[in-house]
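Numbering (this note's numbering), first residue to last: 241 to 365.
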């Protein structure tokens, strides 16, 4: 069941208030801007598969050292595959205390633009 207009406005007001009053919390919970590193994922998966093969081979031929080595390789491959990617770098443009240029606005996120609009509204601009 969709929200009524009043409920939508109330929800948007609560979001703006949260963003305005607790920006650190919003930044820590917000969407991460990380690119997946496909090379690390592929390498990690290959190492994990090789580790599983070595682990099974070590168990099959009763060689403890091969099983342990296979486990270590598999564990390392999984760690490499799940490491976070690189952050997308955003270069902040020159900003003035007044209104920002149109290009700087397009680089901002949706919540940043809403926060700016709210601040301008509260300042009476």
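Here a beta-carbon is modelled for each residue, glycine too, at the ideal position from N, C-alpha and C.
Asked	Found
Residue 320 vs residue 287 beta-carbon contact at 9 Å	yes
Burial state of residue 364 (16 or more Cβ within 10 Å)	exposed
For residue 285 and residue 302, the rounded distance between their alpha carbons	25 Å
Residue interval of the alpha helix (DSSP H) (run including residue 243)	No alpha helix (DSSP H) holds residue 243; DSSP gives it neither H nor E.
Own chain, CB closer than 6 Å to residue 340, minus 5 neighbours either side, in chain order	Low local confidence applies: a pLDDT of 49 at residue 340 is under 50, so the model's placement there is unreliable, and no value is given.
Inter-residue CB distance, residue 307 and residue 291 (contact presumed, cutoff 8 Å)	Not quite, the Cβ-Cβ distance comes to about 10 Å (not below 8 Å), so this is no contact.
Burial state of residue 349, where buried means 16 or more other Cβ atoms lie within 10 Å	exposed
CA-to-CA distance, residue 281 to residue 275, given in whole angstroms	12 Å
Heavy atom of the ligand ATP within 8 Å of residue 306 beta-carbon	The ligand ATP is absent from the structure shown, which contains no ligands of any kind.
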